[in-house]
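Residue numbers (the numbering used here): 1 to 220.
Here is the structure we will look at.
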Ligand SMILES: C[S@@+](CC[C@H](N)C(=O)[O-])C[C@H]1O[C@@H](n2cnc3c(N)ncnc32)[C@H](O)[C@@H]1O
């Protein structure tokens with residue numbers, strides 16, 4: 001599937017990276033944060049019908065699927081979805097679908113919660129409001145929403161190679177096959193996060209760990 005709404009290079013980057021993607025979660029210094037966040041995510045979605053966008057290889061889906069009532073997890077890349085579907089999901093109600101986060105289909109089901117990991121940072125600033133509006137429209141009133149993503153950690157994060165006129169920042173990333181890709185990767189501040197959702201939500205809060213941020217809120 002091709003996306004008219006996202007640089008094709010980005011889709012190809014994640015497709016090529018699919019088999020090595022979860023290495024990012026093996027970094028030793030991040031294990032304590034990751035353990036803590038897996039616990040937070042699992043507790044947040046217990047008993048919920050969850051919509052997940054840009055699920056990738058379903059690393060985070062695995063953290064909350066067992067306790068959720070149902071999960072519909074979407075990504076645009078067929079390569080990552082293949083890895084996600086091949087995992088052992090037991091008898092849970094877990095489905096995957098190929099969908100563009102910027103043009104989500106009309107789902108024939110209701111969601112009481114939504115999650116997305118490491119996706120917000122890849123959304124161009126000019127598209128954030130549009131994405132959030134559409135994402136929120138897929139959810140019932142009162143739904144719980146959670147986003148997780150990286151903080152920029154000096155000396156550890158991949159350096160910012162350039163910033164464009166809209167304030168979007170870009171990194172140069174190398175895959176194991178030697179190919180180099182320029183990837184849009186934004187690092188919003190706590191106030192950027194809260195102000196992005198202030199109109200449509202209640203009880204928004206940001207939790208900062210050493211390496212990650214977690215934004216959680218409820219749809220009004
Ligand atoms: C940084 S990865 C995060 C994957 C996963 N959520 C995780 O946290 O491990 C970003 C994901 O966004 C997906 N993606 C990129 N553009 C997309 C789009 N327009 N719609 C849906 N998914 C997209 C990529 O295929 C990739 O799996």
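Positions of the beta carbon are idealized from the N, C-alpha and C atoms, including for glycine.
Counting only runs that start and end inside the segment 16-51, the alpha helix (DSSP H) elements of at least 4 residues fall at 31-44. Taking C-beta separations shorter than 7 Å and ignoring five residues to either side along the sequence, the partners of residue 111 in its chain run 49, 50, 51, 138, 139, 140 and 143, following chain order. A straight line joining the alpha-carbon of residue 218 with that of residue 176 spans about 40 Å. With a cut-off of 8 Å, the C-beta of residue 214 is classified as distant from ligand 1, since no heavy atom of the ligand falls inside that distance. Going by DSSP, residue 181 is part of the beta strand (DSSP E) stretching over 180-184.
Shortest Cα-Cα distance from residue 168 to any of 123, 31 and 178 involves 123. In the structure shown, residue 114 adopts extended strand secondary structure according to DSSP, grouped into three states.
In the DSSP assignment, residue 84 falls within the alpha helix (DSSP H) that extends over 78-85.
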